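Read the structure below first, then the notes.
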Amino acid sequence: MFNDKSILITGGTGSFGHRYVQTLLAGYKPARLVVFSRDELKQYEMQQRFDAGCMRYFLGDVRDPDRLMQAMRGVDIVIHAAALKQVPAAEYNPMECIKTNVHGAENVIRAAIENNVQKVIALSTDKAANPINLYGATKLASDKLFVAANNMVGSAGTRFAVVRYGNVVGSRGSVVPLFERLIREGAKSLPITDPRMTRFWISLQQGVDFVLENFSRMRGGEIFVPKIPSIRMPDLAQAMAPELPTHTIGIRPGEKLHEIMCPADDSHLTLEFPKHYVIRPTIRFYNVDMDYTKDGLGEEGKPVPEGFEYNSGNNQRFLSPAEIREFNQRAMAA
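Add 43 to the 1-based position in the sequence shown for my numbering, that's all there is to it.
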């Protein structure tokens, strides 16, 4: 799938981009692997680690349509990972979040179509389902743009899909590095926003592998959601520092108690596969009648019950503190 292909990743110097590039270089032989991002220092540092002959580093911002148009010339596959992701920062800087997450998504779509890119997958978030914060709202808008983009190209040309998953263990700005820092600094207790709070839990490698698999699965227009476990925030604190108590600090602006990945309102569109869910498009694409019950890998899905909702609070699988500790150790060591 990726051998001899020209591949571009936006926001490629982030946590996902590093692991994505590492995985591709280890398992495939791409003709060209383009890291597109706006931070020259991060690109320089990444180049010290990944300097294979196929690597290319393009300075640019997804807000700049002309630069994207140049960067995608001759590209076969695009992963759109660039985004402003911090919930409180988005609440206080809404215009900047919209420029990157919504207008940037539109620019990626237009550049991909204009350059006849074969396949595009955009990374989403559980916060895009029934959003209550600006970050989630912009990612929902982005998801809608990428799904509807399949209608702009008709029965031939570029195909677009979305991958949605939850909290990535150890990613920048997430709770695990925060707890690790507090523990190192000798904190007397760990801050918990709310003892009832739950979150989906996925490792960086699992996220990368799921995205790679979906390039083979996708027909165009799907939102792919992995089946992953949930954790309770007090259990995470206990797993990382069993000797420390916790204190409640309250939910931050724009946070939820439980995250949703497949909303009940989309249950009539949701298909269950052995290891993932697919949310079908709400619109019918022009002159194309897609059968999403069977994907490009030959896997078969079936409709979920009416009113089904996949959220971190009603998940069938929760990790115990011991399982969280083991999961985090494996995730951070990979």
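C-beta atoms are modelled at their ideal positions from N, C-alpha and C, and glycine is treated no differently.
It should be emphasised that the depicted structure is a prediction, and the values quoted were computed from it without experimental measurement.
Examine the Cβ distances between the segment 125 to 145 and the segment 168 to 187 and report whether three or more of them are shorter than 8 Å. yes
I believe F253 touches P272 by the beta-carbon criterion, under 8 Å. Please report the beta-carbon distance rounded to the nearest angstrom.
Contact doesn't hold; Cβ gap of about 14 Å is too wide.
Exercise for review: Have a look at I226, A230 and I266 and flag the residue whose alpha-carbon is nearest the alpha-carbon of L188.
Suggested key: I266
Provide the residue(s) that pair with R75 in DSSP beta bridges, ordered along the chain. S49
Worksheet item: Should N158 be labelled buried (16 or more other beta-carbon atoms within 10 Å of its own) or exposed?
Response: buried
Along the chain, where does the beta strand (DSSP E) that runs through K299 open and close? Neither: K299 is in no beta strand (DSSP E) and is coded neither H nor E.
Quick one: what's got a C-beta closer than 7 Å to L51's C-beta in the same chain, skipping five residues either side? V77, F79, A114, M115, V118 and V121
Do we get a CB-CB distance below 8 Å when we pair P324 with the residues of chain D? No chain D is part of this structure, which consists of one protein chain only.
If you drop the 5 nearest sequence neighbours on each side, which residues of the same chain put their C-beta closer than 6 Å to that of N46?
-> Y71 and K72
**Prompt:** Where DSSP assigns a beta bridge to H319, which residues make up the other side?
**Reply:** P269
Have a look at the DSSP bridge pairing and note the partners of T289.
-> L233
Return helix, strand or coil for A282, following the three-state DSSP convention. helix
Could you tell me the alpha carbon to alpha carbon distance between A69 and K231, rounded to whole angstroms? 42 Å
- Task: Let me know if Q359 comes out buried or exposed under the rule of 16 or more other beta-carbons within 10 Å of its beta-carbon.
- Result: exposed
Q.
Suppose you measure from the CA of N387 to the CA of V190; what does that come to, to the nearest Å?
A. Outside the shown range of the chain (44 to 377) lies residue 387, about which nothing can therefore be said.
In its own chain, which residues sit with a C-beta less than 6 Å from the C-beta of K162, not counting the 5 before and 5 after it? I120, R202 and F258
Per DSSP, what kind of secondary structure is C305 in: helix, strand or coil? strand
K48 burial status per 10 Å Cβ neighbour count (16 or more: buried):
buried
Quick one: Cα of L314 to Cα of M333, how far? 13 Å
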